[in-house]
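Single-structure report; data block below.
Residue numbers (the working numbering): -11 to 300.
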C-alpha cells in the first residue's frame, strides 16, 4: 500500500538557519497522525511543505503519490486544509460560506450536512461577523472538509474552543477517520493527541526525534508506575510492607515507584486487610502522561542545545 505521506531527508534552510534537518516520515492511508513540537521547532514549516505551500531545500516528499511542489488542481482537490485562521466574508452566513467553498471541488459533501457536522446547525443563518471565536473556528473546519478530501491537514483545529466545542470537533475528526480519511494534525493539546491520534511524531529543533503510538512515545509504555495511598485509619503508624520498590512516605501519604504495580497493589491490599482495613485509602496508580513525557523530551533537547552552545 502506498503511503499517504512520505518524507525522506526533508530539509529546509533559511540562509544559515536550518529549520528542518532531514525529516523522515511515512503516514499510512486512513491514519490519524498528530505532530507535536514547541513553537519554532519546525512543525509548521514541515506541514507547509507537505501542503505544497513551501519549497523544501533538500530531500524528497510525496503526498497522495504526488510531489507537493508539482501538485496540480486535481491533486489539491483531494486535500482539505484547515489553517490556524482562515479568512472569509464576514457578511455571509456559515451556510453561504461553506456552499461557496463546495463549488471549488468536483464531488463535495452536502454543505448543510457539513455545517451540521461541525455543530453550527443553530447558527447556519447567522452572519459570520456575529459568531464567537470558537464558532468561527468551526466554519474554518467546515471549509476544510466540505470537499470530501482524502487527506485533511488540521493546524491546531481546536484553538479558541471551549471544552464542549473541542469535544464536538473531536467527534468530527473521529467521523472522518471512520470514513477512511487520512488526517494530519498539529496541536498544542497533548490530551487531543492522546484522544485522536493513532500515532504521534515529535519535532524538536528541526528534527523528528520520535514517532510512535501515544502509549509508546518516549518509552511511556515501559515507564515506571506510581502507586500512592494514604496512611489513615488502622494503617496510620504501621510499618510498611516490603515491596522491593522505591518507597517514599511523607505527610501521611505513601508513593511507591515500581515496574510491577499489580503485584505491589496486591501486596498492599493483603497488608491493609491484615491490619483491619478492607480498602487502601485514596489508592491511585498512574504512569507518566503523554504531556509528562513530551515536556521531558523538550527539556532534554533544550539541555543538549545549551550544552552544544557552551562548547562552541
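We put the CB at the ideal spot given by N, CA and C, even for glycine.
Computed from a predicted structure; not experimentally measured.
- Within the region 21 to 89, the runs of alpha helix (DSSP H) at least 4 residues long that lie entirely inside it are, in chain order, 31 to 39, 61 to 64.
- When Cβ pairs closer than 8 Å are counted between the two stretches, the region 107 to 115 is seen not to touch the region 62 to 74, the count staying below three.
- Residue 116 and residue 144 do not touch by the CB rule: their CB atoms are close to 20 Å apart, not below 8 Å.
- Per the coordinates, the alpha-carbon of residue 104 lies some 20 Å from the alpha-carbon of residue 92.
- From the listed residues 162, 193, 168, the smallest Cα separation to residue 9 is found for 193.
- Ranked by Cα distance from residue 177, the first of 155, 1, 214 is 155.
- Here the alpha carbons of residue 48 and residue -4 stand approximately 5 Å from one another.
- Counting only unbroken stretches of 3 or more residues, the beta strand (DSSP E) elements lying wholly within the region 215 to 269 are 234 to 238, 241 to 246, in sequence order.
- Under the three-state reduction of DSSP, residue 282 is assigned to helix.
- Rounded to whole angstroms, the gap between the alpha carbons of residue 202 and residue 218 is 30 Å.
- The residue from 249, 88, 258, 228 with its alpha-carbon nearest to that of residue 274 is 249.
- Going by beta carbons, residue 82 and residue 135 fall outside the 9 Å limit.
- Look at the beta carbons and you see the region 224 to 239 not touching the region 185 to 199: under three pairs across the two are nearer than 8 Å.
- Per DSSP, the unbroken alpha helix (DSSP H) holding residue 133 starts and ends at 121 to 133.
- Per the coordinates, the alpha-carbon of residue 99 lies some 42 Å from the alpha-carbon of residue 285.
- Between residue 172 and residue 133, the gap from beta carbon to beta carbon reaches 9 Å or more.
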